[in-house]
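Asker: With the first letter of the sequence shown counted as 1, position 97 gets the number 97 in full-length UniProt numbering; the numbers rise by one all the way through.
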Amino acid sequence: MTTIMIVDDYMPSHRLMSFVLEQHGYTVVTAADGEQALRRLEQFAVDLVVTDLTMPRMDGIELVRAIRADERYATLPIIMITASPKEQDEVKAAGVGVNAFLTKPFDSDDLIGEIERLMCQPSIKRSA
Numbered sequence: 001m002t003t004i005m006i007v008d009d010y011m012p013s014h015r016l017m018s019f020v021l022e023q024h025g026y027t028v029v030t031a032a033d034g035e036q037a038l039r040r041l042e043q044f045a046v047d048l049v050v051t052d053l054t055m056p057r058m059d060g061i062e063l064v065r066a067i068r069a070d071e072r073y074a075t076l077p078i079i080m081i082t083a084s085p086k087e088q089d090e091v092k093a094a095g096v097g098v099n100a101f102l103t104k105p106f107d108s109d110d111l112i113g114e115i116e117r118l119m120c121q122p123s124i125k126r127s128a
């Protein structure tokens with residue numbers, strides 16, 4: 001079973017994404033910010049991370065940098081989500097190693113589509 005970590009400090013988004021992913025058969029691990037996400041990566045075998053860009057303590061960019069700096073997670077697929085439609089945020093996210101970028105509000109089918117696309121690429125799938 002595929003395990004997805006959702007990293008988002010905004011609880012309504014957190015709950016909605018968890019619900020959608022669980023309805024599609026994914027196991028969900030959650031974290032409220034980047035620091036908690038890094039701790040949870042040590043506890044759970046995660047196959048993909050969905051992270052918000054703007055969070056307290058450690059934002060999405062810092063989280064992705066930390067994940068990519070650890071060779072155990074260097075190829076872990078990461079989807080970044082933000083409410084900011086700024087192109088510079090997408091460029092910055094791609095520059096640190098984000099595999100896909102979605103702007104809020106997004107359709108849940110878009111999220112599922114990106115997850116399925118990334119999970120079909122064995123070269124970036126983390127071995128659990």
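Idealized CB from N, CA, C, for every residue including glycine.
Look up V64 in the DSSP assignment and say whether it is helix, strand or coil.
Answerer: Here V64 sits in helix by DSSP.
Asker: Over the uninterrupted beta strand (DSSP E) stretch that includes M5, give me the two end residues.
Answerer: Per DSSP, M5 belongs to the beta strand (DSSP E) from 3–7.
Asker: Taking 7 Å as the limit between beta carbons, can you name the residues of its chain near P12, skipping five residues before and five after?
Answerer: For P12, where only same-chain residues beyond five positions count, there are no Cβ hits under 7 Å.
Asker: Going by the DSSP bridge assignment, what does V28 pair with across the sheet?
Answerer: For V28, which the question treats as bridged, DSSP gives the partners I4.
Asker: Just the C-alpha distance for D52 and G95, rounded to the nearest angstrom, thanks.
Answerer: Going by the C-alpha atoms only, they are around 16 Å apart.
Asker: Out of L102, M119, A31, point me to the one whose CA is closest to P77's CA.
Answerer: Cα-wise, what sits closest to P77 is M119.
Asker: How is the beta strand (DSSP E) around D52 delimited, first residue to last?
Answerer: Start and end: 48–52.
Asker: Pick helix, strand or coil for L102, following the three-state DSSP scheme.
Answerer: Three-state result, L102: strand.
Asker: Could you give the residue range of the alpha helix (DSSP H) that holds M17?
Answerer: Residues 11–23.
Asker: Expressed to the nearest angstrom, what Euclidean distance is found between the alpha-carbon atoms of H14 and A45?
Answerer: For H14 and A45, the distance between alpha carbons rounds to 19 Å.
Asker: Strictly under 8 Å for the Cβ-Cβ distance: is A69 near chain E by that measure?
Answerer: Here chain E cannot be found, since the structure has a single protein chain.
Asker: When the distance is taken between beta carbons, is A83 closer than 8 Å to R61?
Answerer: The sequence shown places Ile at residue 61, rather than the Arg named in the question. No, Cβ-Cβ distance for I61 and A83 is not below 8 Å.
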